[in-house]
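Residue 727 in this note's numbering is what sits at position 471 of the sequence shown, and the numbering runs on without skipping anything.
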Amino acid sequence: MLRYMDESMDPCQDFYQYACGNWAKRNPIPKDKAGYDTFEMLRESLDSILRELLEDPISRDIDGIDNDDATIKAKYLFQSCMNYEILEQRMERPLVRLLDELGGWPILRPDWDSDKFDWLLLTAQLRLYNNDVLISEWVGPDIKNSDKYVIQIDQTSLGLPTRDYFLQPSNAIYLKAYKDYLISIAFLLGASLNNSSIDAEELIQFETQLASITLSPDERRNFSELYQRMNIGELRTLVPQIDWRRYLSIVLGRPIHFSEPVVVFALQYIQDLVVLLSKTQPRTVANYLLWRFVRHRVNNLDDRFQEVKQKFYYILFGREQAPSRWKNCVTQVNSNMDMAVGSMFVKKYFDENSKNDTLSMTREIQRSFRELLDKTSWIDDETKYLASEKVNAMSLRIGYPDFILQTHLLNDRYKDVVIRPNKYFENTLNILRHLTRVEQARLGSAVNKTLWNTAPAVVNAYYSRNKNQIMFPAGILQPPFYHRFFPRSLNYGGIGVVIGHEITHGFDDKGRLFDQDGNLHRWWKDEAIDGFHRRAQCLIDQYARYTVKEVGMQIDGVNTQGENIADNGGIKQAFRAYERWLRSNEKEDETLPGMSVTGKQLFFLNFAQVWCGSMRPEATRNKLKTALHSPGRFRVIGTLSNSKDFAEVFNCPPGSPMNPVNKCSVW
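Right under this line is the structure:
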C-alpha cells in the first residue's frame, strides 16, 4: 500500500493523491493497454493463470478430438487460436467463403447483384451468429413479468462507441479512422482500394443516418416509457414493411404465430428504420450489414487483421500496440466457454473459505442497509417496508455455480459445440451459433432465477434487476478486494464496499423501479419518488462539476448517477458493518506493520487504492462519452467527500476539500 501512496499529501485536501499519488510512477500504462488500474492489474494476473490452465497438456488417454469433455474443448479452442502456422496458411479464405455463402459482400464484388438481395433474410442470418445489426433481438425475462421469457426488440448498436461519434463534427478524426479501418479490412479480403473507398463512403453516410434515428442514453433512461408490450400481429400492423413472422421464425428456428407476445423498446426507431432502408441503395445496406459482421470475424484470422485493427485502436483509444496473441486467445476462450474455463480455475485456485466469508459479510452489509433505511426520514413507511423486503429477498451468488464442478452437467452445457484443434474460425462460428440457439430456445419456458449466467473467472461484480440478485465471481475474491488472512479493515474496505455497491444498485435510479421479484412497476409512493429525485440531483450536480483536466472534459452527472449512488451508499453500509465487527472483536489487531494508520483509516485507504489507475487521453475522452462509471479519481473524491465517517476518521476540518459543509446522500 505504501508504494502507491503520496504521504506528503494532506488526506483532507486530496485523498486520491494521498492514496494513489505514486501509482502512475510505479505502474506505467503497458503499450498494449488504453489504461491501467487495479482491475487491469488483477485481470492480467488472472489471464496468466488461465493461460497456464489452458496450456496444460491434454492426457494421452483422451479418445480423439470428438471427446465431449468441456474443459478439453476449451483447451482445443485455445490451441486453435494459438496455432498461428495454420492461421497463416488459411489467411482470409474461411471468412471470404462464409461471405459468399451469405450472398457476398458487395465491397469485394463489383458484379454483386442487388436483385437477389433480401435485407431481412441477411439480418436474420447474422443474428444466428449472435450478431445484432439494424435490429436488436433477444429472448429474455419480461421486465414487467420476470418469471416469463419473451421476445424483445430494440434499436441497433453502432460501429463506434456512441451515436455522437457519427453526429458531432468534433469527432471527425474518429470517423475518418473508422472509414480507413473499413477500407483496410476490405483490401485484405480482396477488394480494390478504389471501389472500397467509394463503398465505404456510402456505408459511413448510411450509418450516420442510422445513428441519427437512434436515441441517446439520456433519452433511454426511463424503462417504463420505452416498454411497449404487444403481439407479433400488432407489431406487423405498426410496422407492416417488416415480415416479423419470417424474421423471427429464422432466428428462433421454429414457426411463430401472430399471437406471440413481444416487447418493443424502440418502436419509433423501427418505424424510422424502414423509411431509411427504403431510401438507401441495397448495395449500401448489404455492405453495412456484412461490415458489422466482418469486423468481429477478422479477429479469428491471421495477424494482418490485428495490425490494421491496432492502427484504428491507436486513434480511438491511444493504445500503442496490439496485445500478444495469447492474451487475445485467453480472452476469446473465457468469453466463449466461460463455465469450462471457470471450472478449471475454481478447481485449482479458488479458496472455498472465501465463499462463506463473503456470504457472512454480505449478510452484515444487508443489515447495515436496513438500519440506514430505517433511519431515513424522506421515505414513507409503506415504501420503506417494501424496500426492506427487497433487500431481504436479494439472492446471492458467490464464487461460481455448483454445476461446473459436476463433469456431466458441465459437459452437457457444451455438448452440441464441435471444436477442432486446427479450425479456429469454424470453432468460433460453432460457439456463436450455440449461444444463439440456447438463448432463443428459452422462449416458452419459465425463468429459472437460480441459474448463474456470469463467468466465474472474471474480475467484476454484478447486480441483476430482473432477478434481484447480486453476483461475486471467484475472480474478484482476491487481493486487494479480499484475502482470508487480511485484517477486516481491508476486506470491508475492499470487497465489503463492492458488496454494498451492488446492494445499492437495487435502489439506484434504475434499480429502484424494480420490486423484490425483479418486476418493473410503480411501488414507491409519490413523496418517496420526489425525495429520491432531489437527493439524486444533488449527486448529479456534484459529479457534473468535476472536470478531468487532462482532456478538459466534465463528467456526465446524469449517465453516471446510478454508479455514483451505488458508490456512496456502498461505502456507508460497509463502514457501518465494519464498525459493528470492531465492537465485537476489540482485541483484534487491525493495523499493518510499517504503517502508522488505524484500522478505520485502512478501510478508507484500501477503498481508495482499488481505484488507483491512469488512462491515455484518447481513452479518457472515450470513457467520458460512454461510461456509466466516473473516473477512478472521482469515485474516490466524490464518495469520500460525502462521507461523515471519513471526515471523522481522518479528522478533516469542516470546509476542507474532503469535508465540504454541504454533502450529498441518497442512501
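All residues carry an ideal CB built from backbone N, CA and C; glycine is no exception.
Small disclaimer: the values here were computed from a predicted structure and weren't measured.
Counting only residues of its own chain and dropping the five nearest sequence neighbours on each side, GLY277 has a CB closer than 7 Å to the CB of MET261, ASP262 and MET265. Two segments are said to touch when three or more pairs of C-beta atoms, one from each, lie closer than 8 Å; by this definition the stretch 596-609 touches the stretch 717-737.
Comparing alpha-carbon positions, the option among LEU310, GLN497 and LEU384 lying closest to ILE328 turns out to be LEU310. Taking 8 Å as the upper bound for CB-CB distance, GLN622 and MET650 are in contact here, some 7 Å apart. Apart from sequence neighbours up to five positions away, the residues of its chain that approach TYR680 with a beta-carbon distance below 6 Å are SER336, CYS337 and ASN556, ordered along the chain.
Exposed is the label assigned to ILE454, since fewer than 16 other Cβ atoms lie within 10 Å of its Cβ. Taking C-beta separations shorter than 7 Å and ignoring five residues to either side along the sequence, the partners of PRO873 in its chain run GLY574, GLU806 and VAL807, following chain order. When rounded, the separation of the alpha-carbon atoms in ARG259 and ASP270 is 17 Å. DSSP lists SER912 as the beta-bridge partner residues of ASN915. Only residues of its own chain outside the window of five on either side were considered, and among them PRO267, CYS268 and GLN857 have a CB closer than 7 Å to the CB of PHE906, listed in chain order. Of the other Cβ atoms in all chains shown, fewer than 16 fall within 10 Å of the Cβ of ASN918; this residue is therefore exposed.
Cβ contact annotation for ASP324 (same chain, cutoff 7 Å, sequence separation greater than five): ASN667 and LYS671, in chain order. By DSSP's assignment, ASP403 forms no beta bridge with any residue. 8 Å or more divides the Cβ of GLY749 from the Cβ of THR294. The beta carbon of VAL520 is closer than 6 Å to those of ILE409 and GLN484 in its chain, skipping five residues each way along the sequence. By the neighbour-count criterion, in which 16 or more other beta carbons inside 10 Å mark a residue as buried, ILE429 falls on the exposed side. Taking C-alpha positions only, PRO425 is separated from LEU482 by approximately 29 Å. In the three-state reduction of the DSSP assignment, PRO425 falls in the helix class. Closest in C-alpha terms to ILE498, from the list ARG768, LEU377, GLN798 and ASP658, comes LEU377. By the C-beta criterion, the stretch 757-777 is judged not to be in contact with the stretch 877-885, since fewer than 3 inter-stretch pairs fall below 8 Å. In this structure, DSSP gives SER651 an extended state, which the three-state scheme calls strand. Per DSSP, GLY869 lies in no alpha helix (DSSP H) segment; the continuous beta strand (DSSP E) that holds it begins and ends at 869-871. In this structure, DSSP gives PHE601 a helical state, which the three-state scheme calls helix. With fewer than three CB-CB distances shorter than 8 Å, the stretch 622-641 does not count as touching the stretch 287-307.
Apart from the 5 residues on each side of it in sequence, ARG626 sits with its Cβ closer than 7 Å to the Cβ of SER644 and VAL647 in its chain, given in chain order. Looking from the CA of VAL753, the closest CA among ALA784, GLY762 and PHE831 belongs to PHE831. Taking 8 Å as the upper bound for CB-CB distance, TYR434 and PHE568 are in contact here, some 7 Å apart.
For MET297, the uninterrupted alpha helix (DSSP H) segment begins and ends at 294-311. Under DSSP, GLU393 takes part in a beta bridge, and its partners are ILE409. By the Cβ-count criterion, PHE462 is buried, with 16 or more other Cβ atoms from all chains shown falling within 10 Å of its own Cβ. Between the alpha carbons of THR412 and SER440 lies a gap of roughly 24 Å.
Between GLY762 and TYR570, the alpha-carbon positions lie close to 37 Å from each other.
Your pair ASP474 and VAL814 checks out as a contact, with CB atoms roughly 6 Å apart and the cut at 8 Å. Each residue's CA atom was taken as its position, placing ARG539 and ILE726 some 46 Å apart. CA-CA distance, GLY415 to ASN387, rounds to 12 Å. By the neighbour-count criterion, in which 16 or more other beta carbons inside 10 Å mark a residue as buried, HIS690 falls on the buried side.
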